[in-house]
Structures are given as structure tokens and as C-alpha cells.
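To start, the structure itself, in C-alpha cells.
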Amino acid sequence: MPDAAPRVRPLTHEDVPASLRTLTRAFADCSFTRHVLAANHHQERLRRCQELFLVRVAMEYGRAWVAGDCRAVAAWTTPDRDPGPGSP
366 MPDAAPRVRP LTHEDVPASL RTLTRAFADC SFTRHVLAAN HHQERLRRCQ
416 ELFLVRVAME YGRAWVAGDC RAVAAWTTPD RDPGPGSP
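This note's numbering numbers the first residue of the sequence shown as 366 and each following residue consecutively.
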């Protein structure tokens, strides 16, 4: 019998460290991030970039969800809240 599907739920602040490990691993070999983030200390720069988007953008102005033990992470913005300058 197959295992039950992992439960998908909104990300909490307690999930951030495990989610960052997942996102950093997921984007480690991404050609875009290799191009835009400096090579020296690349892994730490990538982790910090993921942290900034996850915590300061997705959690504040969008949505962030995890599945299982944060082995799957989804983070995105929504048109409902604009993080741009001059926005309410």
C-alpha cells in the first residue's frame, strides 16, 4: 500500500529553516541564479536570496506553502497586495 500523500499547508515561521534548505538545494544548479549571483560564496548568497523572497515577499505579500517535512516548498506573489513603493 502506498504512503499517504504529504499534507500541504501554509508555511509558518518555524518552517523557514527547513524550507530554505529545500529551496537552496533546488536552485543550486539553476543557470539563472548562477548568472545573477556572484560565484564567491554562491551557496550562501543563494540561501540568502531565497530567504529574502520567502520571508519578506511571499510571506508578507503573497503565499507560501509546504508539503511533508518542508521537502516541497511553493512561494509566490499575488495581485492582492503590492509590495512596491507607495502601496498601501
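From the three backbone atoms N, C-alpha and C, an ideal C-beta is built for every residue, glycine too. All figures in this text were calculated on a predicted structure; none of them were measured in a lab.
My understanding is that residue i touches residue j, with C-beta atoms under 8 Å, so please give their C-beta distance in whole angstroms.
| i | j | result |
| --- | --- | --- |
| Tyr426 | Arg413 | In fact, because the Cβ distance is near 19 Å, the residues do not count as touching under 8 Å. |
| Leu411 | Thr389 | 5 Å |
| Ala429 | Pro371 | At roughly 16 Å, the Cβ-Cβ gap does not stay under 8 Å, so Ala429 and Pro371 are not in contact. |
| Ala393 | Leu419 | In fact, because the Cβ distance is near 16 Å, the residues do not count as touching under 8 Å. |
Does residue i pass the burial test, meaning 16 or more other C-beta atoms within 10 Å, or should it be called exposed?
| i | result |
| --- | --- |
| Val381 | buried |
| Thr377 | exposed |
| Ala423 | buried |
| Val373 | exposed |
| Val431 | buried |
So the alpha helix (DSSP H) residue i belongs to, where does it begin and stop?
| i | result |
| --- | --- |
| Arg374 | Note, Arg374: premise wrong, no alpha helix (DSSP H); beta strand (DSSP E) at Val373 to Pro375. |
| Cys414 | His407 to Glu416 |
| Val381 | Val381 to Ala391 |
| Arg401 | The question names Arg, but residue 401 in the sequence shown is Val. Per DSSP, Val401 belongs to the alpha helix (DSSP H) from Ser396 to Val401. |
Can you pull the DSSP bridge partners for residue i?
| i | result |
| --- | --- |
| Thr442 | Gly427 |
Following a CB-centred definition, is residue i positioned closer than 7 Å to any heavy atom of the ligand ZN?
| i | result |
| --- | --- |
| Trp441 | Inclusion of the ligand ZN in the displayed structure is not the case, the ligand content being empty and no account of it being possible. |
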